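When we follow my numbering, the leftmost residue of the sequence shown carries the number 210, and every step to the right adds one.
Idealized CB from N, CA, C, for every residue including glycine.
Nothing here was measured: the structure is a model prediction, and the numbers come from that model.
Report on the following structure.
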Amino acid sequence: MNIQRIDYQEIDSTNLEAARLATGGAAEGTLVVAKTQTAGRGRRGRQWDSPEGDAIYMSLILRPQAEAADVSGLTLVMALSVAQALQQLQLGGVQIKWPNDIVLNRKKLCGILTELHMENRCVNDVIIGVGINVNQKCFASEIESIATSILIETGSGMDKDMLIDAVMEAFERNYAIYQKTYDMTNLMEDYQAFLANCNQEVRVLNPKGEYEGIALGINLRGELLVRKQDGTIETVYAGEVSVRGIYGYI
Ligand code: BTN
């Protein structure tokens, strides 16, 4: 994959711009980077606060030759790549909160929003959007208890371009591995080494209700396996897992 970076001063959302470029035929590896977003998007229809200057907002276009079901793991592949890049840049203690939040000292450092576009029942493109809190000194009061930045946690900032390069380098390596099987077979061990909630009690919140159990790790599709109190093992592929003790508000 050849990374082709396009920079914007301001854009509505790098995910939206990447989707527009993909519709116009942009190649796999096109990376949209913006200094600020006016309509940054998070998961579940939430907003992603995107002030100018201190954070990374970027979205990568992929064109995997695979079924929709086989690309769901790509979001975990990006989470792994961000965690590895931060570790390589000497940031210790980074963890992944399944499926794809990067946390440090129990607060969120990075969010990932993956969007899949189909055409005639085939995958046309996959957009992986990444927001990393790098050099912010503070956060809005609504999110300050759960959000953090590299600067806040370590006392020293990080060069954003160097981090983007490190993430992309790790992603290219991991994507090539993922494409051999289109599942987590060869990345599982690396991913689980960062998994925050492994062998700990978690609360699973899904539309059917709430239950508690022990998170055992992921399966090849990247779903979380949770052992319930009655001994049965649930496969969590949707909904949200809350991890006790991972975030201050839980
Ligand atoms: C989450 O809710 O945790 C996902 C947040 C993803 C934010 C990034 S910032 C760059 C890209 N563009 C967007 O509009 N969202 C993603």
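Pick from Asp221, Ala248, Glu328 and Leu271 that is closest to glutamate 237, judged by C-alpha positions: Per the Cα distances, Leu271.
By DSSP, does methionine 267 sit in helix, in strand, or in coil? Assignment of methionine 267 by DSSP, reduced to helix, strand and coil, places it in the strand class.
Have a look at Cys347, Arg330, Ser281 and Thr363 and flag the residue whose alpha-carbon is nearest the alpha-carbon of glutamate 324. Nearest option by C-alpha distance: Ser281.
6 angstroms Cβ shell around alanine 248 - same chain, five flanking residues per side excluded: Cβ neighbours of alanine 248 beyond the five flanking positions: Asp221 and Ser222.
Quick one: is threonine 284 buried, meaning 16 or more other Cβ sit within 10 Å of its Cβ, or exposed? Burial call: buried.
DSSP state of valine 286, grouped into three classes? The answer is helix: DSSP assigns valine 286 an H, G or I state.
Could you give the uninterrupted runs of the beta strand (DSSP E) lying entirely in the stretch 296-352, keeping only those of 3 residues or more? With a minimum length of 3 residues, the continuous beta strand (DSSP E) runs that stay inside the stretch 296-352 are 303-306, 310-313, 316-328 and 331-342.
Tell me whether leucine 396 sits in a helix, a strand or coil according to DSSP, three-state version. Leucine 396: coil per DSSP, three-state reduction.
Please list the terminal residues of the continuous beta strand (DSSP E) segment that includes lysine 244. In the DSSP annotation of this structure, the continuous segment of the beta strand (DSSP E) that includes lysine 244 starts and ends at 239-246.
Would you grab the beta carbon distance between glycine 338 and serine 290 for me? Rounded to a whole angstrom, and I think it's under 8 angstroms. The Cβ separation is near 14 angstroms, so there is no contact.
By how many angstroms is the C-alpha of arginine 430 removed from the C-alpha of glutamate 276? Linking glutamate 276 to arginine 430 through their CA atoms gives a straight-line distance of about 13 angstroms.
Which residues does DSSP list as the beta-bridge partners of lysine 437? Bridge partners of lysine 437: Gly422.
Taking just the CA atoms, how far does methionine 287 sit from aspartate 263? In a straight line, the C-alpha of aspartate 263 is about 21 angstroms away from that of methionine 287.
What does a CB cutoff of less than 6 angstroms around glycine 340 pick up in its chain, not counting 5 residues either side in sequence? Cβ-Cβ distances below 6 angstroms link glycine 340 to Trp257, Tyr266 and Gly320 in the same chain, with the five nearest sequence neighbours on each side left out; the list follows chain order.
Ignore the nearest five residues each way along the sequence and tell me which others in lysine 317's own chain have a CB closer than 6 angstroms to its CB. Leaving aside the five residues that flank lysine 317 on each side, the residues in its chain whose CB is nearer than 6 angstroms to its CB run, in chain order, Asp310, Ile355 and Ala356.
Which residues in the same chain as glycine 165 place their Cβ atom closer than 7 angstroms to its Cβ, once the five residues preceding and following it in sequence are excluded? For the chain, the structure presents residues 210 to 459; residue 165 sits outside this window and is missing.
Below 7 angstroms, is the gap between the Cβ of aspartate 310 and the nearest heavy atom of the ligand BTN? At least one heavy atom of the ligand BTN falls within 7 angstroms of the beta-carbon of aspartate 310.
In the DSSP assignment, the alpha helix (DSSP H) including glutamine 388 goes from what residue to what residue? Where glutamine 388 is concerned, the enclosing alpha helix (DSSP H) starts and stops at 369-390.
Assuming contact is defined by CB atoms lying nearer than 8 angstroms, are valine 335 and proline 273 in contact in what I supplied? At a Cβ-Cβ threshold of 8 angstroms, valine 335 and proline 273 count as neighbours.
Tell me the rounded alpha-carbon separation between glutamate 410 and alanine 424. For the pair glutamate 410 and alanine 424, the Cα-to-Cα distance works out to about 6 angstroms.
Could you tell me the distance, in whole angstroms, from the CA atom of tyrosine 446 to the CA atom of threonine 239? Going by the C-alpha atoms only, they are around 28 angstroms apart.
Regarding isoleucine 212 and the ligand BTN, is the C-beta to nearest heavy atom distance less than 7 angstroms? Isoleucine 212 Cβ: outside cutoff for every heavy atom of the ligand BTN.
Based on the DSSP secondary-structure assignment, which residues constitute the bridge partners of tyrosine 217? Ala243, per the DSSP bridge assignment.
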